[in-house]
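Beneath this line is the structure, given in structure tokens, with notes to follow.
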Amino acid sequence: MKAHQKMLVGIVLGTVAGLLAHWLAGDSAWLSWTVTNITQPVGRIFIRLLLMLVVPLLFSALVMGVCELDLKQLGRLGAKTFGYTVVLSAISVLLGLVLVNVLQPGAGFSQEAIAAARSNPSALKSAPTPSNTSPAALIVSMVPDNPIRTAADGDMIGLIVFALIFGAGLAVTQTPAALKLREVLQGLYDVMMRLIEGVLKLAPIGVAALLFSVMAQLGVEVLGSILSYVAVVLLALGLHMFGVYSLAIRFLGGRNPISFFRDVRLAMVTAFSTASSSASLPTALKVAEENLKLPRHVSRFVLTAGSAMNQNGTALFEGVTVLFIAQVYGVPLSLGDQAVIMFICVLAGIGTAGVPAGSLPVIMMILGLFKIPPEGIGLILGVDRFLDMCRTTLNVTGDLAAALYVARGEPDDPEPSTAPAESSAS
Numbered sequence: 001m002k003a004h005q006k007m008l009v010g011i012v013l014g015t016v017a018g019l020l021a022h023w024l025a026g027d028s029a030w031l032s033w034t035v036t037n038i039t040q041p042v043g044r045i046f047i048r049l050l051l052m053l054v055v056p057l058l059f060s061a062l063v064m065g066v067c068e069l070d071l072k073q074l075g076r077l078g079a080k081t082f083g084y085t086v087v088l089s090a091i092s093v094l095l096g097l098v099l100v101n102v103l104q105p106g107a108g109f110s111q112e113a114i115a116a117a118r119s120n121p122s123a124l125k126s127a128p129t130p131s132n133t134s135p136a137a138l139i140v141s142m143v144p145d146n147p148i149r150t151a152a153d154g155d156m157i158g159l160i161v162f163a164l165i166f167g168a169g170l171a172v173t174q175t176p177a178a179l180k181l182r183e184v185l186q187g188l189y190d191v192m193m194r195l196i197e198g199v200l201k202l203a204p205i206g207v208a209a210l211l212f213s214v215m216a217q218l219g220v221e222v223l224g225s226i227l228s229y230v231a232v233v234l235l236a237l238g239l240h241m242f243g244v245y246s247l248a249i250r251f252l253g254g255r256n257p258i259s260f261f262r263d264v265r266l267a268m269v270t271a272f273s274t275a276s277s278s279a280s281l282p283t284a285l286k287v288a289e290e291n292l293k294l295p296r297h298v299s300r301f302v303l304t305a306g307s308a309m310n311q312n313g314t315a316l317f318e319g320v321t322v323l324f325i326a327q328v329y330g331v332p333l334s335l336g337d338q339a340v341i342m343f344i345c346v347l348a349g350i351g352t353a354g355v356p357a358g359s360l361p362v363i364m365m366i367l368g369l370f371k372i373p374p375e376g377i378g379l380i381l382g383v384d385r386f387l388d389m390c391r392t393t394l395n396v397t398g399d400l401a402a403a404l405y406v407a408r409g410e411p412d413d414p415e416p417s418t419a420p421a422e423s424s425a426s
């Protein structure tokens, strides 16, 4: 069986078994013992294996993502690409947060179910809450005085800022030792990705255990909210794809949106089928140069960097998912909290791996930061593969829209290129 087929079996078995147990046993002692001593530990081991990889994966991915910008030689292209990425990512996350707050897909659970769910101890260590929450104090607190202690305390905002600064310093340092350090960090990233692949092979068992625990406690009422959650994510992705991107293509790229979507449909189909921005990169390069007629030096730079950094759909998905799980478990999030979540999602989009399920470690980190029970991740794992395909389509389309914007006003290729287009993901 293929990986997604095994995942589907785990989803079905965990969901059906959990619902049957809730219906037949209710609040019986044996069901409580089974959840407490068998399914919850198995699910938490799967979660902790993912959490174990968060810090080294996030740090290495962010540093390598910034290094790939080649700040010395491509400062103008880098500035335009980074500015576009930040603005469009912020719009996507804001759109998702507004829809979650308005439509409330996670609301409506009984108080008994919420109390039972919240009684589960968290597997994540939450970052310390700052004593001063003024805008100036929050900005100051973003800059860590000790990055190692910051990572140990779970302050991922500080870790992200340090990784961005470290990556910029590494990008402009061209000594032999610095180049070797870059190779070491690339090796660290490669190892973390291989470990992620290994952990995800255990996903069918972990997902089945998580879903059994959740369904046994919450019952059939959770299914309606999951469908509502999927609908909110798809609505947000659709509005950003055909609303925000269409406006950007028309006014920033100077092209007809209908023609653009027709020209890039091959890249969109590839992204949907692979659920990987990195795997879609060769097709995106081909589409940009042959269909959109963009200068090679622009398309290669923007699309290569974008496959790792311009993750609008992923940032949107992370924000919506965190708020949805918070609503399910009755964890209140103020507007300030949601602003911090939005900020983290935008920054983390730079470091989220462009592979299937690459956003899960970031979501786990944000859940811990805001004391949201991590077991809630089991609610969305069952539908994550389909949503991953959808958000990856948005990511790749966004990369091409960004290339269109950056290429506007740029000269054609300075000299004919004799090398074939790069076909490997960075």
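Residue numbers for the sequence shown, in the UniProt record's numbering: 1 to 426.
Positions of the beta carbon are idealized from the N, C-alpha and C atoms, including for glycine.
#1: Just to confirm my understanding: we take Ala401, look at its own chain, exclude 5 residues before and 5 after, and list those with CB closer than 7 Å. What are they?
#2: Which full runs of the alpha helix (DSSP H) of 4+ residues lie inside the stretch 262–332, going along the chain?
#3: Around the Cβ of Gln174, are there at least 16 other Cβ atoms within 10 angstroms (buried) or fewer (exposed)?
#4: Tell me whether Ser228 sits in a helix, a strand or coil according to DSSP, three-state version.
#5: Exposed or buried, which one is Ile311 when buried takes at least 16 other CB atoms within 10 Å?
#6: Express the C-alpha separation of Leu58 and Val184 in angstroms, rounding to a whole number.
#7: List the whole-angstrom C-beta distance separating Ala168 from Val302, where the pair is believed to meet the contact cut-off of C-beta under 8 Å.
#8: Should the stretch 371–379 be regarded as contacting the stretch 252–271, the criterion being three or more beta carbon pairs within less than 8 Å?
#9: Give me the Cβ distance between Gly106 and Val214, rounded to the nearest whole Å; I'm assuming they're in contact under 8 Å.
#10: Which residue wins for smallest C-alpha separation from Gln40, given the options Phe260, Leu316 and Leu210?
#11: Cβ atoms of Val346 and Ser89: under 7 Å apart, would you say?
#12: Do you know how far the Cα of Tyr84 is from the Cα of Met268?
#13: Can you look up Gly409 in the DSSP assignment and give me helix, strand or coil?
#14: Given this structure, state the Cα-to-Cα distance separating Val320 from Ile258, to the nearest angstrom.
#15: Just to check my reading of the structure: residue 512 and Val328 have Cβ atoms closer than 8 Å, yes? What is that Cβ distance to the nearest angstrom?
#16: Using the rule of at least 16 other Cβ atoms within 10 Å of the residue's Cβ for burial, across every protein chain shown, is residue 470 buried or exposed?
#17: Residues in the same chain with beta-carbon distance under 8 Å from Ser423, minus the five sequence neighbours each way, listed in chain order, please.
#18: Please determine if the stretch 189–204 and the stretch 25–34 are in contact, where contact requires at least 3 C-beta pairs separated by less than 8 Å.
On the basis of the data shown:
#1: Within its own chain, the residues whose Cβ lies closer than 7 Å to the Cβ of Ala401, once the five positions on either side in sequence are excluded, are Tyr245, Ala248, Ile249 and Gly253, listed in chain order.
#2: Qualifying alpha helix (DSSP H) stretches, in chain order: 265–274, 277–290, 296–309 and 312–328.
#3: So Gln174 counts as exposed.
#4: Here Ser228 sits in helix by DSSP.
#5: Note that residue 311 corresponds to Gln in the displayed sequence, not to Ile. The residue is buried, with at least 16 neighbouring Cβ atoms inside 10 Å.
#6: Approximately 15 Å between the Cα atoms of the pair.
#7: Going by Cβ atoms, the distance from Ala168 to Val302 rounds to 18 Å, so no, they are not a contact pair.
#8: No, the stretch 371–379 does not touch the stretch 252–271.
#9: Not a contact, Cβ separation roughly 13 Å.
#10: Of Phe260, Leu316 and Leu210, the residue nearest in Cα terms is Leu210.
#11: Going by C-beta atoms, Ser89 is nearer than 7 Å to Val346.
#12: The alpha-carbon atoms of Met268 and Tyr84 are separated by roughly 20 Å.
#13: Coil at Gly409, not helix or strand.
#14: Distance between the alpha carbons of Val320 and Ile258 is about 28 Å.
#15: Examination of residue 512 is not possible in this model, given that the chain is present from 1 through 426 alone.
#16: Because the chain in this structure spans residues 1 to 426, residue 470 falls outside the shown range and cannot be described.
#17: Note on Ser423: pLDDT 36, under 50, position unreliable in the model; no value is reported.
#18: The way I'd put it, the stretch 189–204 doesn't touch the stretch 25–34; fewer than three beta-carbon pairs between them come closer than 8 Å.
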